[in-house]
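The next block holds one structure in the form of structure tokens; read it before the comments.
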Amino acid sequence: MTRTFTRFRVALLALVAACGLQATAANAQSDQQKLVDAANKTLQTFLRDPDMTWLQQHIGQAKAVLISPEIVKAGFIFGGSGGRAVLVAHEGGKWRGPSFYTLATASVGFQAGVAVSEMVTLVMTEKGMNSLLAASFKVGGDASIAAGPVGAGAKSDVPADLVAFTRAKGVYGGLNLDGTLINLTDDWNKAYFGKPVQPVDILIKGSVSNHAAAPLLATVAKATGK
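Right, dumping it as structure tokens:
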């Protein structure tokens, strides 16, 4: 009787531990999914905006799209900006992703207060794409970046690896991304896909996927016609 009870207790403890691990994983994934859903809304907003003509006309030429729903800029004299972002890429005839990143920029100057921006960056070259496959890279050093033209009449070519569009409370621009450090977040990728993965697995090989990312991928596919 005692042995039976002991076995039952061990089994019960194992079940509780397993449920705890599953709950932790679910909670972690919910953070990633919130970012993916927010990124989808940000992209849809940019695609509907009549002042984002250049982005809408050239997104089909992009090899990848980096989206950050919220970049916070704060400080006084010494400050900076930072946020999280997701990257989706077109490979093998379809859009794949997302892979998760963090953005961080240090700056010096008068910048009292706090400002929040959202960003959509088109990755236009192989150099830009390869930079984002690395664990970390510095924008402007490893890959060139330019502010995207805005306005209904924007038709100019932009010779840069990355073309960034930002908005802050409806105001275009105002956020300098040159010198920004973009770092891969392995723990978020692991949480979202259920195992350790690299950007090349997610974006190039397509060996992992998460069906919850389907709405974001569908938005990009519709916008690019791919």
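Residue numbering for the sequence shown is 2 to 227, as defined by the numbering used here. C-beta: ideal position from N, C-alpha, C; glycine also. Fair warning: this is a prediction, and the values are worked out from it, not measured in the lab.
Query                                                                                                                       : Result
CB contact check: HIS212 to chain C, cutoff 9 Å                                                                             : Among the chains of the structure shown, chain C does not appear; only one protein chain is present.
ALA136 (DSSP reduced to helix, strand or coil)                                                                              : coil
Contact check, TRP96 vs THR225, beta carbons under 9 Å                                                                      : yes
DSSP beta-bridge partners of TRP96                                                                                          : HIS91
Cβ shell of VAL89 (< 6 Å), same chain only, five flanking positions each side left out                                      : VAL66, TRP96, GLY98, PRO99 and VAL221
Distance between GLY61 and GLN34 (C-alpha atoms, nearest Å)                                                                 : 25 Å
Residue burial classification, HIS91 (beta-carbon count within 10 angstroms, cutoff 16)                                     : buried
Residue from PRO51, ALA40, GLY93 and GLY142 with nearest C-alpha to ALA86                                                   : ALA40
Segment contact flag, the region 147-166 with the region 193-202, C-beta cutoff 8 Å, min 3 pairs                            : no
Chain-order list of residues whose beta-carbon lies under 7 Å from that of GLY93 (same chain, five-residue window excluded) : GLY207
GLN23 classed as buried or exposed, judged by whether at least 16 other C-beta atoms fall within 10 angstroms               : Its pLDDT being 41, under 50, GLN23 is placed unreliably in this model, and the coordinates cannot settle the point.
Collapsed DSSP secondary structure at ALA63 in the structure displayed                                                      : coil
Residues of its chain near ASN131, where Cβ-Cβ distance is below 7 Å and the 5 sequence neighbours each way are ignored     : none
Option in PRO150, ASP188, MET125 and LYS191 with minimal Cα separation from ASP162                                          : MET125
Helix, strand or coil at LEU178 [DSSP, three-state]                                                                         : coil
ALA169 and SER118 closer than 9 Å at C-beta                                                                                 : yes
VAL117 in three-state terms, based on DSSP                                                                                  : strand
In DSSP terms, what VAL124 is bridged to                                                                                    : ALA65 and LEU163
LEU104 beta carbon less than 9 Å from that of SER137                                                                        : no
Beta-carbon proximity list for PRO150, same chain, < 6 Å, skipping 5 on both sides                                          : TRP55 and SER157
Residue burial classification, ALA165 (beta-carbon count within 10 angstroms, cutoff 16)                                    : buried
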